[in-house]
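J.: Could you have a look at this structure, given as structure tokens, before my questions?
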Amino acid sequence: MTQEISSLSPSAEPVSAMVEHASAAQKKVFIKTYGCQMNVYDSSRMADALAADGYQQTEDMEEANLVLLNTCHIREKAADKVYSALGRLREMKKTRTAKGEEFMIGVAGCVAQAEGEEIVRREPGVDVVVGPQTYHRLPQALKRARSGTRVVDTDYAVEDKFEHLPDPTKIAGKRRVVTAFLTVQEGCDKFCTFCVVPYTRGAEVSRSLSQLLDEAKRLVDGGVREITLLGQNVNAWHGKAPDGGTMGLGDLLYKLAEIPGLARLRYTTSHPRDMDDRLIEAHRDLRMLMPYLHLPVQSGSDRILKAMNRRHKAADYIALVERIRQVRPDIALSGDFIVGFPGETDEDFEDTIRLVEHIGYAQAFSFKYSPRPGTPGADLPDHVSEDVKTERLARLQELLLKQQHDFARSLIGQTMDLLLEKPGRMPGQIIGRSPWLQSVNVDAKASQIGDIIQVRITDIGPNSLFGEVVES
Ligand code: 5AD
Ligand code: SF4
């Protein structure tokens, strides 16, 4: 839906009159990202599209001429947070525009997609609303907004946004990035009964093999050493092989592994049902496929898994993890969990605790069930009380946190490859990324960003590890 709504802007001065003030200095954009890694990726592509339009990204909202909220709709609180942020931004807009400065407000992401016009109706300060499939048109939407027309552009665009976004490695003034996301598929056809993704992000669409190989090569030419393949349901990716056959994510990983200069591959987020044999073989054969897998199970109770329409049992998940661990023993698991899904009893919850104890997670994300209007889960009977959800979440998180610490502690004294990503706070210190996705601080004066060096882990902090260079 593309809507143009005449301006109800609360600013004292029409936005069009303010452009001149802003064009004297470089325009700046502040992007606030909510939610998943797909949104982190989308934010960086929006920053690229805006850079081509003359915007520089800033970490300081006070100096921004455009504040863009890239929103998440997965839980109720996430959408509430957006509306309260927009209320604060409206006040900020009044102050800034009174000073004659350009200050625009944009909403992107899944709340934008789901609420569309409702956002401009509820929040008079918002200038543009763009969906996950239309953000490549952000510069045009801003242009129209400057001439006094508020824009809601949440179409499922006919054209492919990826064809209309600038090359991320060719943005002037951007520092070298060594780790990058590459979206391989979007949307989801799984329809888990708690989840809004199939509604907000739409049906599953895979990008073509040739498009992905081209983009991956461009990223590597631009200095990228580690690529994380992204998708709401990434391991459902499928494409056409050059011989006309069908390829899956495993085949794609083998293809990408041939790119000279690329050192590491990852992918996220996967559904257990789509972990096929070829993908498991890729974990066996490709050393550059990092030994870390985000594989959400959501619950350990078969009854609840059925009600969630997950279409696998707890035992299937455990057997799958065992198969993957057999071929790649150093693999670490990460997961997502929901507590308090409608009908979840104490016994069901104990099944989840038992599953977590059995698997042992290096990292995990756990949430209280949040009923989303329009999803089948919201209409189920026997909703669990907030108190019980809180209690269960606390117990689950205590266990998961302990497992996370145990895993980090088990690395002390171990030697591992570290991909050097960015300068640290102290001179000579560099922050690198371990195979298991942790940040590691190391004094590595002789090395450069983008190098992979051997380090020995000496200590663990609350959010990162410390290491020393192992001289070869
Ligand atoms: N309530 C709580 N958590 C949810 N998730 C998705 N939908 C909901 C919901 N309605 C969680 C799932 C998913 C992660 C991205 O968010 O665990 O894997
Ligand atoms: Fe949502 Fe389930 Fe699809 Fe994941 S697999 S995006 S939880 S519907």
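So the sequence shown is numbered by UniProt numbering: it starts at 1 and just counts up by one. We put the CB at the ideal spot given by N, CA and C, even for glycine.
Can you have a look at P296 and say buried or exposed, based on whether 16 or more other CB atoms are within 10 angstroms of its CB?
T.: As a working note, residue 296 is residue 296 in the sequence shown. Label assigned to P296: buried.
J.: So is L256 buried or exposed if we call it buried at 16+ other beta carbons inside 10 Å?
T.: As a position in the sequence shown, residue 256 is number 256, starting the count at 1. It counts as buried.
J.: From the DSSP secondary-structure annotation, give me the bridge partner or partners of E468.
T.: As a position in the sequence shown, residue 468 is number 468, starting the count at 1. E468 pairs with R456.
J.: Mind listing, in chain order, the residues whose beta carbon lies closer than 6 Å to a non-hydrogen atom of the ligand SF4?
T.: So the residues near the ligand SF4 by this Cβ test are C188, K190, F191, C192, C195, V197, P198, Q232, N233, H271.
J.: Could you please give me the residues that DSSP links to residue 497 through a beta bridge?
T.: No information on residue 497 is available, as it lies outside the stretch 1 to 472 that the chain covers here.
J.: Quick one: Cα of V388 to Cα of Y361, how far?
T.: Here residue 388 refers to the residue found at position 388 of the sequence shown. Here residue 361 refers to the residue found at position 361 of the sequence shown. So the two alpha carbons sit approximately 24 Å from each other.
J.: Residue 473 by DSSP, collapsed to three states: which one?
T.: In the structure as shown, the chain begins at 1 and stops at 472. Residue 473 is therefore absent and cannot be evaluated.
J.: Does the count of Cβ pairs from the stretch 70 to 84 and the stretch 99 to 113 closer than 8 Å reach three?
T.: Judged by Cβ distances under 8 Å, the stretch 70 to 84 makes contact with the stretch 99 to 113, as three or more pairs qualify.
J.: Take T299 and list the residues in its own chain whose beta-carbon comes closer than 6 Å to its own, dropping the five residues that flank it on each side.
T.: In the sequence shown, counting from the first residue as 1, residue 299 sits at position 299. According to the sequence as given, residue 299 is Ser; it is not Thr. Same-chain partners within the cutoff: L305, T352.
J.: Between Q403, L355, P242, A64, which has its C-alpha nearest K313's C-alpha?
T.: Locating residue 313 in the sequence shown gives position 313, where the first residue counts as 1. Answer by Cα proximity: L355.
J.: With hydrogens ignored, establish whether the beta-carbon of I359 is closer than 7 Å to any heavy atom of the ligand 5AD.
T.: Looking up residue 359 in the sequence shown gives position 359. No, the ligand 5AD has no heavy atom inside 7 Å of this Cβ.
J.: Return yes when the Cβ of Y267 is within less than 8 Å of the Cβ of L286, no when it is not.
T.: Position 286 of the sequence shown, counting from 1, holds the residue named residue 286. Position 267 of the sequence shown, counting from 1, holds the residue named residue 267. No. Outside cutoff.
J.: Does any heavy atom of the ligand 5AD sit closer than 7 Å to the C-beta of P296?
T.: For the purposes of this step, residue 296 is identified with residue 296 of the sequence shown, where counting begins at 1. Within the cutoff, so yes.
J.: Say the cut is 7 Å; is the CB of residue 517 nearer than that to a heavy atom of the ligand 5AD?
T.: Outside the shown range of the chain (1 to 472) lies residue 517, about which nothing can therefore be said.
J.: For H238, which beta-bridge partners are listed by DSSP?
T.: One-based indexing of the sequence shown puts residue 238 at position 238. Bridge partners of H238: G248.
J.: Please report how far the alpha carbon of L86 lies from the alpha carbon of S208, in whole angstroms.
T.: Taking the first residue of the sequence shown as position 1, residue 86 is located at position 86. Taking the first residue of the sequence shown as position 1, residue 208 is located at position 208. Answer to the nearest angstrom: the Cα atoms are 37 Å apart.
J.: Extract the residue ranges of the alpha helix (DSSP H) inside the stretch 377 to 423, only unbroken runs of 4 or more that lie entirely within it.
T.: Listed in chain order, the complete alpha helix (DSSP H) runs (minimum 4 residues) inside the stretch 377 to 423 are 386 to 410.
J.: Go ahead and label A241 buried or exposed: buried means 16 or more other beta carbons lie within 10 angstroms of its beta carbon, across all protein chains shown.
T.: For the purposes of this step, residue 241 is identified with residue 241 of the sequence shown, where counting begins at 1. Looking at its Cβ environment, which holds fewer than 16 other Cβ atoms inside 10 Å, A241 is exposed.
J.: What does DSSP give as the partner residues of L66 in its beta bridges?
T.: For the purposes of this step, residue 66 is identified with residue 66 of the sequence shown, where counting begins at 1. L66 is bridged to V29, M104.
J.: Sort out for me which residues DSSP pairs T71 with in a bridge.
T.: In the sequence shown, the residue the question calls residue 71 occupies position 71. Looking at the DSSP assignment, T71 forms a beta bridge with G109.
J.: The ligand 5AD and C36: does the residue's C-beta get closer than 7 Å to at least one heavy atom of that ligand?
T.: As a working note, residue 36 is residue 36 in the sequence shown. Flag set: Cβ of C36 near the ligand 5AD.
J.: List the DSSP bridge partners of K368.
T.: As a first step, residue 368 is located in the sequence shown; it is residue number 368 there, counting from the start. Paired residues: V339.
J.: Check whether the stretch 192 to 211 touches the stretch 443 to 452, taking contact to mean three or more Cβ pairs, one atom from each stretch, closer than 8 Å.
T.: No, they do not touch.
J.: CA-CA distance, G340 and Y369?
T.: In the sequence shown, the residue the question calls residue 340 occupies position 340. In the sequence shown, the residue the question calls residue 369 occupies position 369. Spanning the two alpha carbons is a distance of roughly 5 Å.
J.: What's the gap between the Cα of Y254 and the Cα of G125?
T.: Taking the first residue of the sequence shown as position 1, residue 254 is located at position 254. Taking the first residue of the sequence shown as position 1, residue 125 is located at position 125. Cα-Cα distance, rounded: 48 Å.
J.: Does M426 pass the burial test, meaning 16 or more other C-beta atoms within 10 Å, or should it be called exposed?
T.: Taking the sequence shown and counting its residues from 1, one reaches residue 426 at position 426. M426 is exposed by the Cβ-count criterion.
J.: CB-CB under 7 Å to H21, same chain, minus the five flanking residues each way: which ones, in chain order?
T.: Numbered from its first residue, the sequence shown carries residue 21 at position 21. Residue placement at H21 is flagged as unreliable, the pLDDT there being 43, under the threshold of 50; the coordinate-derived value follows with that caveat. The answer, listed in chain order, is G100, E101, E102.
J.: Expressed to the nearest angstrom, what Euclidean distance is found between the alpha-carbon atoms of Q133 and L293?
T.: Your numbering for residue 133 matches position 133 in the sequence shown. Your numbering for residue 293 matches position 293 in the sequence shown. Taking the straight line joining both Cα atoms gives about 27 Å.
J.: Compute the Euclidean distance between the alpha carbons of E398 and T246, then round it to the nearest angstrom.
T.: Counted from its first residue, the sequence shown places residue 398 at position 398. Counted from its first residue, the sequence shown places residue 246 at position 246. So the alpha carbons of these two residues sit roughly 43 Å apart.
J.: Less than 7 Å between the CB of R310 and some heavy atom of the ligand 5AD, yes or no?
T.: The residue given as residue 310 occupies position 310 in the sequence shown. No, the Cβ of R310 stays beyond 7 Å of every heavy atom of the ligand 5AD.
J.: Use the C-beta contact count for V196: other C-beta atoms within 10 angstroms, 16 or more gives buried, fewer gives exposed.
T.: Against the sequence shown, residue 196 aligns to sequence position 196. When all chains shown are included, V196 counts as buried.
J.: Take R75 and list the residues in its own chain whose beta-carbon comes closer than 6 Å to its own, dropping the five residues that flank it on each side.
T.: Here residue 75 refers to the residue found at position 75 when the sequence shown is read from its first residue. Counting only Cβ-Cβ distances below 6 Å, and skipping sequence neighbours, we find S370.
J.: Judging by CA-CA distance, which residue of L265, Q414, I431, H136 is the nearest neighbour of D155?
T.: Locating residue 155 in the sequence shown gives position 155, counting from the first residue. Checked all of L265, Q414, I431, H136; the closest Cα to D155 is H136.
J.: So what's R310 in DSSP terms, helix, strand or just coil?
T.: Mapped onto the sequence shown, residue 310 falls at position 310. Three-state result, R310: coil.
J.: Could you check if residue 512 is buried or exposed, using at least 16 other CB atoms within 10 Å of its CB as the buried criterion?
T.: Residue 512 falls outside the range modelled here, since the chain spans only 1 to 472, and no answer is possible.
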